[in-house]
Amino acid sequence: MIQLHDKTFVPYLSESEIQQAVKKVANAIQSDFYVANPKQPPLFIAILNGAFMFAADLMKNLDMDLELSFVKFSSYQGVASTGKIDELIGFNQSVKGRDIVIVEDIIDTGNTIEKVLPILKSLEVNSVKIATLLFKPSVFDKKYEINYVGLEIPNTFVVGYGLDYDELGRNLKEIYKLTDNQMLNIVLFGPPGAGKGTQASRLVEKYNLYHLSTGDVFRYNIKNETELGTLAKSYMDKGQLVPDEVTIKMLESEVEKHPEAKGFIFDGFPRTEVQADALEAFLAKRNTKVALMLALDVDEDELVKRLLLRGKESGRADDANEEVIRNRIQVYNNQTAVVADYYSKQDKFVKIDGVGEIDEITQRLFTAIDNFNQ
Ligand code: IMP
Ligand code: MG
């Protein structure tokens, strides 16, 4: 596993798999050009920067009097109303009348080559063939033919062997791919008395998740006097809200402690749009995201009834007074609205009817998750 900037990559193609693909391309070119027409060696045009390593290895596998130029494709805004100007910079010979083989590291959408082709045509080349080490057929949507492909790969982001992620990774001998982190991350909401704790533990069991309650995390860090706990406490002691950065750092360290989890249930977080953004950024670093927000829906009178009963049984002070209960529900409703809105915009908000038998409600949650997972 390697880390480049903010992303994690895992080994994907070994050196020998890459070299095999290079040889495959070389052999096909060798037979098309040299065997068919030994008098007219092609001019190879490698597109910088990504193709430098493939071009080097490809050349070593070709036995013909070839020529090679490394060129850079540039697209810039021309003076008013002329629109974008595309050009190829760096030729060290005339290309007129030549048989060209474009050398690319990877063809993805095919946009780059689509712009390169008319430039070569305007330079009156005799013919153009395209050779690429890697090709993503599921993304490519152009009409032109790609003549030589080393390996077809699915639509995944790769680095190494010339390919970069924001300029890093070009020097790697192997090719790595971005981890496809198929985590099931759920933001769980439920008013006091909705049975959130019970339902969360069932979700944990069924989907192999880790239940991350911000309240518990705070209490744990403060109790154990961790650096973050001490920091958080310094705000709380002053009666201030703990800043989002501190909270998100605590969540990060909790998430890091549970690499085995297939996902997380976020309970008590996010409460604001800023926090939802922070959570998104933090999950994006791990190449994952919030899958959905589940909100247990129970009407206020039913909640009051349940909580007053719980208050009688447990003696919990905050469950004894109807006014206090109604106020807590109000606070909850206000907070949910913002977060629900945030996730509805992404089509990730699901309201679950929280009235009925416990098993029945669990089943509703499972169905919502499984519908999403399909
Ligand atoms: P296209 O124009 O979409 O075919 O993309 C071609 C260019 O996009 C390549 O030359 C790369 O610079 C870049 N690219 C596309 N896919 C990847 C990838 O998976 N890793 C790194 N660069 C990529
Ligand atoms: Mg390239």
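Heads up, my numbering is the position in the sequence shown plus 127, with the first residue counted as 1.
Just so you know, even glycine gets a beta-carbon here, dropped at the ideal spot from N, CA and C.
Worksheet entry | Coarse secondary structure for I392, derived from DSSP in three states | strand
Discussion item. Run through the DSSP bridge pairs and tell me what I233 is partnered with.
Written reply: L261
Discussion item. Applying the 10 Å Cβ sphere with the 16-neighbour rule, what's the burial state of D232?
Written reply: buried
Practice prompt. Could you tell me which uninterrupted alpha helix (DSSP H) segments, each at least 4 residues in length, are contained entirely in the region 310-373, listed from first to last along the chain?
Written response: 323-334, 341-350, 354-364
Worksheet item: Candidates K416, N274, T325, K304: which alpha carbon is nearest E487's?
Response: T325
Discussion item. Check whether the region 238-253 and the region 278-288 touch, using three or more Cβ-Cβ pairs below 8 Å as the test.
Written reply: no
Worksheet item: Got a sec? Which residues, its chain only, sit under 6 Å from D291 by beta carbon, not counting five neighbours each side?
Response: R297
Discussion item. With H, G and I counted as helix, E and B as strand and the rest as coil, what does DSSP make of I273?
Written reply: coil
Worksheet entry | Start-to-end residues for the alpha helix (DSSP H) that takes in D468 | 449-471
Worksheet item: For the beta strand (DSSP E) that P138 lies in, which residues bound it at each end?
Response: 134-140
Discussion item. The ligand IMP and T239: does any heavy atom of the ligand fall closer than 7 Å to the residue's C-beta?
Written reply: Under cutoff, so the answer is yes.
Worksheet item: What number of angstroms, rounded off, separates the C-alpha of A447 from the C-alpha of Y459?
Response: In this model, A447 and Y459 are separated by some 18 Å (Cα to Cα).
Discussion item. Looking at the ligand IMP, does it come within less than 7 Å of L140, judged from the CB to the closest heavy atom?
Written reply: no
Item to complete: Work out the CA separation of T239 and F267 for me, nearest whole Å.
Response: 11 Å
Item to complete: Have a look at A467, E354, H132 and flag the residue whose alpha-carbon is nearest the alpha-carbon of L315.
Response: A467
Worksheet item: Under 8 Å between the Cβ atoms of K416 and N312?
Response: Note that the C-beta distance between K416 and N312 is below 8 Å.
Fill in: Cut-off 6 Å between Cβ atoms - residues of its own chain near H338, not counting five sequence neighbours on either side
A327, V331, I392
Worksheet entry | Inter-stretch contact at 8 Å, needing at least 3 Cβ pairs: the region 213-221 / the region 150-162 | no
Discussion item. Residues in the same chain with beta-carbon distance under 7 Å from V137, minus the five sequence neighbours each way, listed in chain order, please.
Written reply: M128, Y303, K304, T306
Discussion item. Along the chain, where does the beta strand (DSSP E) containing L131 start, and where does it finish?
Written reply: 129-131
Worksheet item: Should N348 and A359 be called a contact, given that it needs their Cβ atoms to be closer than 8 Å?
Response: yes
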